[in-house]
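Asker: Quick note: the sequence shown uses my numbering, first residue 58, plus one each step.
Positions of the beta carbon are idealized from the N, C-alpha and C atoms, including for glycine.
This one's a predicted model, so the numbers in the text were calculated from it and none came from an experiment.
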Amino acid sequence: MSDKYRNPLFFLFILLPVFIYLIYSWSLSEPLFFSDDFHLLKTVLWVGEEPSFLGKVQLFLQQHNEHRIVIPRLITYINYLIFGHINWPVLILLGNVLWVAILWFFWKSFRVSGAAIWLFIPAPLIMLNPQYYDNVTWSISILQQSVIVFWFVVLSYLCSKEKYKAALVVCLIATFTHGNGIFSFLIALLFTFYDRNWKWSGIIAGAWVLTGILYFFNFSKGQNADFMQSLSDPVRLISCFFAFFGSLSKVRFADPMAAVFIGMAFYLALAAFIITRFFYFQKRNLALPWTVKMVAGIFAFLSITGALVSVSRSWGGIETIIAPRYQHYSSFVACLVYLVLISVLTCKTRKIVGVTGIVGGLLFNALSYFSYTEELLYRRDWLLADDTNWTHHSNFLIYGASFNTNIRLEYQRVVQKGICISGDHFGHIQEDSLQANQAAKPINLQYEHFTKEEKDASRSYNRDYIAISNDNLDEKSIFIYLKPQNGAQGYWLACRKSHSGIFDFLKTGKWLKPGFSVEFLTENLSPGDYQIAILRKNRLSWTSTNVTITAPAPVK
Numbered sequence: 058m059s060d061k062y063r064n065p066l067f068f069l070f071i072l073l074p075v076f077i078y079l080i081y082s083w084s085l086s087e088p089l090f091f092s093d094d095f096h097l098l099k100t101v102l103w104v105g106e107e108p109s110f111l112g113k114v115q116l117f118l119q120q121h122n123e124h125r126i127v128i129p130r131l132i133t134y135i136n137y138l139i140f141g142h143i144n145w146p147v148l149i150l151l152g153n154v155l156w157v158a159i160l161w162f163f164w165k166s167f168r169v170s171g172a173a174i175w176l177f178i179p180a181p182l183i184m185l186n187p188q189y190y191d192n193v194t195w196s197i198s199i200l201q202q203s204v205i206v207f208w209f210v211v212l213s214y215l216c217s218k219e220k221y222k223a224a225l226v227v228c229l230i231a232t233f234t235h236g237n238g239i240f241s242f243l244i245a246l247l248f249t250f251y252d253r254n255w256k257w258s259g260i261i262a263g264a265w266v267l268t269g270i271l272y273f274f275n276f277s278k279g280q281n282a283d284f285m286q287s288l289s290d291p292v293r294l295i296s297c298f299f300a301f302f303g304s305l306s307k308v309r310f311a312d313p314m315a316a317v318f319i320g321m322a323f324y325l326a327l328a329a330f331i332i333t334r335f336f337y338f339q340k341r342n343l344a345l346p347w348t349v350k351m352v353a354g355i356f357a358f359l360s361i362t363g364a365l366v367s368v369s370r371s372w373g374g375i376e377t378i379i380a381p382r383y384q385h386y387s388s389f390v391a392c393l394v395y396l397v398l399i400s401v402l403t404c405k406t407r408k409i410v411g412v413t414g415i416v417g418g419l420l421f422n423a424l425s426y427f428s429y430t431e432e433l434l435y436r437r438d439w440l441l442a443d444d445t446n447w448t449h450h451s452n453f454l455i456y457g458a459s460f461n462t463n464i465r466l467e468y469q470r471v472v473q474k475g476i477c478i479s480g481d482h483f484g485h486i487q488e489d490s491l492q493a494n495q496a497a498k499p500i501n502l503q504y505e506h507f508t509k510e511e512k513d514a515s516r517s518y519n520r521d522y523i524a525i526s527n528d529n530l531d532e533k534s535i536f537i538y539l540k541p542q543n544g545a546q547g548y549w550l551a552c553r554k555s556h557s558g559i560f561d562f563l564k565t566g567k568w569l570k571p572g573f574s575v576e577f578l579t580e581n582l583s584p585g586d587y588q589i590a591i592l593r594k595n596r597l598s599w600t601s602t603n604v605t606i607t608a609p610a611p612v613k
């Protein structure tokens with residue numbers, strides 16, 4: 058095949074995972090906030106009510122955990138001004154577009170190596186996947202966790218080209234995007250030292266000091282950070298540091314130690330590349346190529362971020378460090394390691410690694426979509442159910458009662474002002490089908506009450522849950538309706554479906570197992586008896602199963 062036809066085909070293979078990822082995230086997005094997204098929407102409310110300019114600035118600067126999230130808040134506010142309400146799917150798409158845009162900088166570096174175009178095909182396959190599902194459809198997580206990686210890649214690219222004026226702007230943006238962004242000044246400063254650009258060293262150092270004064274004014278430690286507990290166990294701390302870079306192992310291996318060893322291999326591979334390149338060019342009295350400098354800048358960012366997360370969060374164990382909101386770092390690092398390998402290998406060896414990368418990337422990418430789509434479907438369905446619950450009860454079941462208490466007044470005002478749109482997603486169900494005296498259908502359900510211990514950095518406490526499950530219903534999307542015996546409006550619950558094993562899928566062609574499960578906090582529902590109905594294929598079927606909600610026990 059001639060280059061005239063071959064190269065466009067290669068570009069298609071490169072871009073296909075990009076478009077699949079963006080379409081996938083868009084299709085699973087819903088117009089309702091999730092969890093900490095509340096910190097974005099309440100800023101829109103308060104800024105609109107604050108008369109003074111200084112007061113508005115202070116609201117944008119308000120601390121969220123260890124972060125000053127001015128940029129995510131500003132993006133949300135602009136989104137509101139454009140659409141007349143907060144358009145959550147557009148926010149999600151914007152964040153994901155910036156995340157995907159990292160590949161453009163990787164592409165520019167890749168082309169310098171002179172490698173064949175087809176060798177870039179594994180890059181998007183490795184980097185873009187739903188394993189890090191928190192950063193696929195959760196607005197605030199994407200705008201912080203994913204977008205900060207983009208800004209540090211841009212920073213490393215600009216500094217490697219000695220474009221320090223633009224780099225300084227990126228430092229300011231990164232600082233007010235995510236907590237680790239303030240260390241962008243340090244990375245830019247290291248670049249100026251290497252380039253012996255003392256003028257810009259002074260400018261960046263001065264800007265860092267001034268920005269730091271603003272950033273840390275009235276600063277307080279985040280509620281989930283515990284530095285002393287983390288530092289008390291050095292082995293756990295170091296293990297968590299390496300696991301941070303190897304969490305893609307979770308797609309196949311349950312043992313968190315797999316993440317430790319894979320992350321160690323990735324990290325040391327990048328370190329070896331930078332050290333050997335540095336001494337190679339130093340020995341010949343040559344300046345480092347901009348591509349190597351860019352990798353070094355990214356490596357510094359990864360080292361700082363891994364250390365910060367480990368020192369603040371490793372008290373909770375390795376599983377805390379390889380949580381979904383951090384797993385995009387592992388895919389990012391794996392992609393970078395692959396491209397670094399391609400840049401240093403011989404032409405013949407490149408082909409072997411490239412073919413291996415395509416096969417391995419396809420398998421990893423497919424397995425990620427296969428394994429984690431159920432999580433995103435479950436979250437989407439919960440948002441639909443809870444949006445309806447809010448419409449009728451001013452209560453969300455997916456969160457604890459304390460969260461509902463804390464956000465209720467503000468969110469009621471947000472909905473009244475049209476800042477967020479809320480509604481009943483099950484209004485198409487016929488009213489007479491919601492009558493609890495309808496004949497029960499023979500649907501087998503199991504349910505149990507149980508107590509779960511939960512903890513944060515300061516304490517642990519018990520919470521009461523109810524679990525409901527079934528082992529034979531085949532529908533892809535199932536909801537439960539809890540109807541109070543007193544005839545009041547009921548509550549909706551989303552049901553979790555589980556994916557089949559790989560061999561079962563290949564044998565039967567069925568991605569999801571029969572049945573479902575759901576667990577929910579009882580503290581958000583009024584005490585009493587509830588009859589259970591099942592919604593599937595837009596038809597409500599009543600069961601003979603009742604659940605009893607008792608008065609919630611105090612959280613201790």
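Enumerate in chain order the residues of its own chain whose CB-to-CB distance from Trp439 is below 7 Å, with the five nearest sequence positions on each side excluded.
Answerer: Ile455, Ala551
Asker: May I ask which residues mark the beginning and end of the beta strand (DSSP E) holding Phe573?
Answerer: 573 to 578
Asker: Between Ile535 and Phe573, is the Cβ-Cβ spacing less than 8 Å?
Answerer: yes
Asker: Looking at Ile379 and the ligand FAD, is the gap between the Cβ and the nearest heavy atom below 7 Å?
Answerer: This structure does not include the ligand FAD; it has no bound ligands of any sort.
Asker: Mapping the DSSP letters down to three states, classify Phe483 as helix, strand or coil.
Answerer: coil
Asker: For the alpha helix (DSSP H) that Arg465 lies in, which residues bound it at each end?
Answerer: 458 to 473
Asker: Check the Cβ-Cβ distances between Lys113 and every residue of chain B, and say whether any is below 8 Å.
Answerer: Among the chains of the structure shown, chain B does not appear; only one protein chain is present.
Asker: Return the bridge partner residues of Trp599 from the DSSP annotation.
Answerer: Ala590
Asker: Going by DSSP, name the residue or residues bridged to Trp549.
Answerer: Tyr538
Asker: Starting from the Cα of Leu365, find the closest Cα among Arg593, Lys220, Ser287, Ala423 and give me that residue.
Answerer: Ser287
Asker: Using the Cα positions of Phe117 and Asp93, report the straight-line distance between them to the nearest angstrom.
Answerer: 15 Å
Asker: What is the rounded straight-line gap between the Cα of Thr403 and the Cα of Leu176?
Answerer: Looking at the two C-alpha atoms, the distance is approximately 13 Å.
Asker: Give a yes or no on contact between the segment 190 to 208 and the segment 318 to 334, applying the rule of three or more CB pairs nearer than 8 Å.
Answerer: Note that the segment 190 to 208 does not touch the segment 318 to 334; fewer than 3 beta-carbon pairs, one per stretch, sit closer than 8 Å.
Asker: Cutting at 7 Å between CB atoms, please list the residues of its own chain near Asn446, excluding the five before and the five after it.
Answerer: Asn452, Phe453, Leu454, Tyr548, Trp549
Asker: If we ignore side chains and look at the alpha-carbon of each, how far apart do Pro88 and Trp145 end up?
Answerer: 5 Å
Asker: According to DSSP, is Asp9 part of a helix, a strand, or is it coil?
Answerer: No answer is possible for residue 9: it lies beyond the span of the chain, which begins at 58 and ends at 613.
Asker: Taking the alpha-carbon positions, what's the Gly480 to Val127 distance?
Answerer: 29 Å
Asker: If distances are taken between C-alpha atoms only, which option among Ile379, Glu123, Leu229, Glu532 comes closest to Ile261?
Answerer: Leu229
Asker: Does the Cβ of His485 have 16 or more other Cβ atoms within 10 Å, making it buried, or fewer, making it exposed?
Answerer: exposed
Asker: So Ser557 is in the beta strand (DSSP E); what residue range does that whole segment cover?
Answerer: No beta strand (DSSP E) holds Ser557; DSSP gives it neither H nor E.
Asker: In this structure, how does DSSP classify Lys564 when only helix, strand and coil are distinguished?
Answerer: helix
Asker: Across which residues does DSSP place Ile525 in a beta bridge pair?
Answerer: Tyr504, Val575
Asker: I need the DSSP call for Gln384, collapsed to helix, strand or coil.
Answerer: Three-state result, Gln384: coil.
Asker: Per DSSP, Ile606 forms a beta bridge with which residues?
Answerer: Gly585
Asker: Kindly list the residues whose CB is nearer than 7 Å to the CB of Leu97, restricted to its own chain and excluding five residues on each side of it in sequence; keep chain order.
Answerer: Pro129, Arg130, Thr133, Ser196, Ile197
Asker: Identify, in the order they occur along the chain, each residue of the same chain with its Cβ nearer than 7 Å to the Cβ of Asp444, setting aside the five sequence neighbours on each side.
Answerer: Leu89, Ser479, Gly480, His482
Asker: Go ahead and pull the three-state DSSP assignment for His142.
Answerer: coil
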